[in-house]
Amino acid sequence: MRMFSEQSSSSHNLPEATTYKLLIDCLRMRQEDTYSFAGDTMVGTIYNSEPSSIPAFRKFIAKAEKAQILPPWWKASSTTHCLHLSASDEGFSLECAQEKSDIQETWKDHYMPMKLRMLAKVVYGNVPFPEARDVLGSMVQAEAGQGRLLGGF
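Structure follows, in structure tokens:
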């Protein structure tokens with residue numbers, strides 16, 4: 396899944412602010428999942444007693460760049476702009492936790508947590524909860540009408 400690549404024409408044309416918010420929430424969903432499902436904390440996050448998750452976010456962006464999922468317009472200063480948005484927009488602060496329900500409400504999209512998890516999987520190469528590796532694939536198939544979740548519910 397190349398969320399921001401040129402192969403994905405609908406998502407690489409997102410406004411910069413929307414892209415920044417997606418990346419921030421992707422990291423925040425990942426740190427929440429690591430804590431909730433793996434019972435662990437990510438280094439450099441508020442879940443690991445840091446005042447903000449900026450250190451983990453910088454590592455996330457570096458990994459995203461290596462995974463080639465950042466939009467074509469992304470440059471070195473984009474990370475600074477993204478962090479500035481995080482500091483100025485309380486809803487996307489890297490100093491605050493964001494749970495699944497918060498993300499669904501913010502984005503008005505029931506599937507946004509799954510989308511963010513899929514993006515994080517591309518960036519990190521794994522998911523923080525091994526039993527869910529097959530679940531993500533099943534959810535994608537169900538969303539595309541190719542499968543069923545939880546016996547069809």
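Residues in the sequence shown are numbered consecutively from 396, following my numbering. Backbone N, C-alpha and C fix where the C-beta goes; we use that ideal spot for every residue, glycine too. Keep in mind the model is a prediction, meaning the values are calculated, not measured.
Under the rule that 16 or more other beta-carbon atoms within 10 Å means buried, what is residue i, buried or exposed?
i: D362; result: Shown here, the chain extends from 396 to 548; a query on residue 362 therefore has no answer.
i: W579; result: As displayed, the chain neither begins before 396 nor continues past 548, which places residue 579 out of reach and without an answer.
i: K470; result: exposed
i: G546; result: Residue placement at G546 is flagged as unreliable, the pLDDT there being 38, under the threshold of 50; a coordinate-derived value is accordingly withheld.
i: V438; result: exposed
At the level of alpha carbons, what is the spacing between residue i and residue j?
i: I441; j: L422; result: 11 angstroms
i: A515; j: P446; result: 22 angstroms
i: L511; j: Y430; result: 16 angstroms
i: C477; j: K416; result: 8 angstroms
i: P450; j: I456; result: 10 angstroms
i: L544; j: D435; result: Here L544 scores only 41 on pLDDT, less than 50, and its place in the model should not be relied on; the value that follows carries that caveat. Each residue's alpha carbon lies about 27 angstroms from the other.
i: D428; j: P523; result: 7 angstroms
i: E411; j: S472; result: 12 angstroms
Below 8 angstroms between beta carbons: does that hold for residue i and residue j?
i: L489; j: S448; result: yes
i: A462; j: V517; result: yes
Shorter than 7 angstroms, the distance from the beta carbon of residue i to the closest heavy atom of the ligand NAP, or not?
i: D420; result: Questions concerning the ligand NAP fall outside what the structure shown contains, since it holds no ligand whatsoever.
Item to complete: Identify every run of the beta strand (DSSP E) within the segment 453–525, keeping only runs that are complete inside it and at least 3 residues long; order them along the chain.
Response: none
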